[in-house]
Amino acid sequence: MLFLLAGCRQPMANQPKYQPLEASSFFVDGRSARPVPAGTVARGHLNEDSALQTGKINGEFVDTLPIPMTRVMLERGRQRYDIYCSPCHGKTGDGQGLVVVRGFQRGPASFHIDRLRAERIGYFFDVATNGFGAMQDYAAQTTVEDRWAIVAYVRALQLSQKASIDDVPAAERTTLERQQ
Amino acid sequence: MSTGHETRDFKPIWVGAFVAVLVYAIVVVYMFTFTVFSHFKAGEVTQTSPGLFPQPRLQIDAQSELVQMQARDRERLNSYGWIDRETGTVRIPIERAMDLVAERGVNGVAK
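Taken in sequence, the protein lines are chains G and W.
Going by the numbering used here, the first sequence opens with residue 10, and the numbers climb by one from there.
Going by the numbering used here, the second sequence opens with residue 496, and the numbers climb by one from there.
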């Protein structure tokens, strides 16, 4: 009896639909998965602001932030940096994160070397967006705004580890002067 | 009825023979094993002492290593200190640096 029941099929079992990437006899090119029509953009994928989306203008890295600089944004950048970047780059940005200390051979350079201190801000954004060397890209883990916040925070890290004595408040300066 | 051990079914010669074979077998097995062991010992790779492994080695105390690392980072990110007194280069707390960057923009970092 059960075997007989298994033989029954309702008309709905046969649906006129394509399985993913199934061949088609309807379209001329034989593909059921249709290519995106020319001149269209998927929702949320409009990259009209080159500086904001890629950190470049005409292939050159930008050297200013395309979003307004605020203290709140830097806080957000610090939080995202500590989550996504510090395991390799280290909390101080010296390239000695936990992963590197525990034996990762192709660790990142320190943010405090002269080359990276002189590098334009768009470069950091580009690396975070597309990866570099052994580093994967973080475009999926972070939003565009968060990545700009992160690179702005990297600038703060660079300043904090190599600042001028003029950046020290007067009260602290006297303490420093007394230090050996 | 005569006393003494039973002689009809029991032949001491077999016990003696069994013991002799047993001792012989023990000696042979011992010598065989010894030969095999010394044969493998010759081809054995000498093990590296654990102290000679390249860094990083096994973590003996992962917790304290992490605490040390965090303490070092905290020190560097939260205090003033000299880097080069001659050129007036210093380390400043990250909070102060963030204030300065917020004020001056991303290009306010001394090159």
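Cβ atoms here follow ideal geometry from the backbone N, Cα and C, with glycine treated the same way.
The structure presented is a predicted model; accordingly, all values stated were derived computationally and were not measured.
Proximity of residue i and residue j at Cβ, strictly below 7 angstroms
{"i": "D579/W", "j": "K100/G", "result": "no"}
{"i": "I159/G", "j": "R89/G", "result": "yes"}
{"i": "V585/W", "j": "V177/G", "result": "yes"}
{"i": "V601/W", "j": "I76/G", "result": "no"}
{"i": "I589/W", "j": "S169/G", "result": "yes"}
{"i": "G106/G", "j": "S95/G", "result": "yes"}
{"i": "G64/G", "j": "F141/G", "result": "no"}
{"i": "S59/G", "j": "G583/W", "result": "no"}
Identity of the residue in the options nearest residue i by Cα
{"i": "K171/G", "options": "A597/W, V601/W and I587/W", "result": "I587/W"}
{"i": "R80/G", "options": "Y93/G, A165/G and Q114/G", "result": "A165/G"}
{"i": "V596/W", "options": "E128/G, V163/G, P75/G and R52/G", "result": "V163/G"}
{"i": "R156/G", "options": "R85/G, P44/G and G142/G", "result": "R85/G"}
{"i": "T28/G", "options": "P96/G, A127/G, S41/G and I66/G", "result": "Going by the sequence as given, residue 28/G is Gln instead of Thr. When each option's Cα is compared against that of Q28/G, the closest is S41/G."}
{"i": "R187/G", "options": "G511/W, V522/W, G576/W and F527/W", "result": "G576/W"}
{"i": "P551/W", "options": "R43/G, P44/G, R87/G and V108/G", "result": "V108/G"}
{"i": "H54/G", "options": "D175/G, I174/G, V153/G and L185/G", "result": "V153/G"}
{"i": "F70/G", "options": "R18/G, D91/G, E128/G and R43/G", "result": "E128/G"}
{"i": "L83/G", "options": "A592/W, I555/W, L553/W and F532/W", "result": "A592/W"}
{"i": "H98/G", "options": "T73/G, A143/G, L185/G and G68/G", "result": "A143/G"}
Beta-carbon proximity list for residue i, same chain, < 7 angstroms, skipping 5 on both sides
{"i": "A148/G", "result": "T138"}
{"i": "G39/G", "result": "A32 and S33"}
Collapsed DSSP secondary structure at residue i in the structure displayed
{"i": "K606/W", "result": "Bear in mind that the predicted position of K606/W carries a pLDDT of just 49, short of 50, making it unreliable; the figure below should be weighed with that in mind. Of the three classes helix, strand and coil, the one that applies to K606/W here is coil, per DSSP."}
{"i": "A579/W", "result": "With the sequence shown as reference, residue 579/W is identified as Asp, and Ala is not the correct amino acid for it. It is a strand residue."}
{"i": "I587/W", "result": "coil"}
{"i": "R187/G", "result": "helix"}
{"i": "K506/W", "result": "coil"}
{"i": "S173/G", "result": "strand"}
{"i": "I555/W", "result": "coil"}
{"i": "F134/G", "result": "helix"}
Residues sharing a beta bridge with residue i, DSSP
{"i": "K536/W", "result": "Note: K536/W sits in no beta bridge, so no partner."}
{"i": "A32/G", "result": "R40/G"}
{"i": "E69/G", "result": "I66/G"}
{"i": "F141/G", "result": "M144/G"}
Neighbourhood of residue i by C-beta distance below 6 angstroms, restricted to the same chain and skipping five residues each side
{"i": "N573/W", "result": "P588"}
{"i": "G102/G", "result": "F120 and L166"}
Residue i: CB within 6 angstroms of a non-hydrogen atom of the ligand NAD
{"i": "Q24/G", "result": "With respect to the ligand NAD, the structure offers nothing, as it holds no ligand at all."}
Own chain partners of residue i with C-beta closer than 8 angstroms, once the 5 adjacent residues on each side are dropped
{"i": "Q62/G", "result": "N56 and V153"}
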